[in-house]
Structures are given as C-alpha cells and as structure tokens.
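Under the numbering used here, think of the first position of the sequence shown as 616, with each following residue one higher. Have a look at the structure below before the remarks.
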Amino acid sequence: MSRARLASFAVFVVAAVAGLVAFAAADSVALAFGAFFAIGLVGMWLAGRVFDRLATPEERRSDLEDRVRNPDL
C-alpha cells in the first residue's frame, strides 16, 4: 500500500471513529445523526485531499484506472 493510500485511509479511520464518538455522546437523535454525517463527509473530503497531495502521478493514474475498470456498485 502506498504512502498516499495509507495516509488517506488513516484520515478516514480517524474521522469514522470521531463520528462514532460524536454519535454516542450526543443528547438527541437528530444531533447525533447530524454530527455523524457531518464528520463523515468532512473526513471523506479530507482523505481525498490528503491522497491528492501525497500521491505521485503514477498513483493517480493507477487510481483513476482502477475506478474506471471497477466501478462502485
């Protein structure tokens, strides 16, 4: 696993844990879901930015090629 992918994954995991902690600590259900989704969206955005910043051109090409050949279902 490349450094860019590993850093991106680490940021995503930290955001996921922070979202779960916020969900568990919130007093109301609406606040819990709102915090969970907000932290999740920011974490995904930040993970993408970290990958873009650290990835080499070859890693970016490989990532795009993988996305084209194996689309999400």
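Beta carbons: idealized from backbone N, C-alpha and C, even for Gly.
Which value, in whole angstroms, describes the spacing of the CA atoms of residue 625 and residue 633?
Against the sequence shown, residue 625 aligns to sequence position 10. Against the sequence shown, residue 633 aligns to sequence position 18. One C-alpha to the other measures close to 12 Å.
Is residue 673 near the ligand ZN - that is, is its Cβ less than 7 Å away from at least one heavy atom of it?
Within the structure as shown, the ligand ZN is missing, as the structure has no ligands at all.
If I'm right that residue 666 touches residue 631 with Cβ under 8 Å, what's the distance once you round it to whole angstroms?
In the sequence shown, residue 666 corresponds to position 51, counting from 1. In the sequence shown, residue 631 corresponds to position 16, counting from 1. Actually they do not touch by this definition, with Cβ atoms about 16 Å apart.
Decide if residue 623 is buried, meaning its Cβ has at least 16 other Cβ atoms within 10 Å, or exposed.
Counted from its first residue, the sequence shown places residue 623 at position 8. Buried, since its Cβ has 16 or more Cβ neighbours within 10 Å.
Label residue 645 either buried or exposed according to how many other C-beta atoms from any shown protein chain fall within 10 Å of its C-beta, with 16 as the threshold for buried.
Taking the first residue of the sequence shown as 1, we reach residue 645 at position 30. Answer is exposed; the Cβ neighbour count stays below 16.
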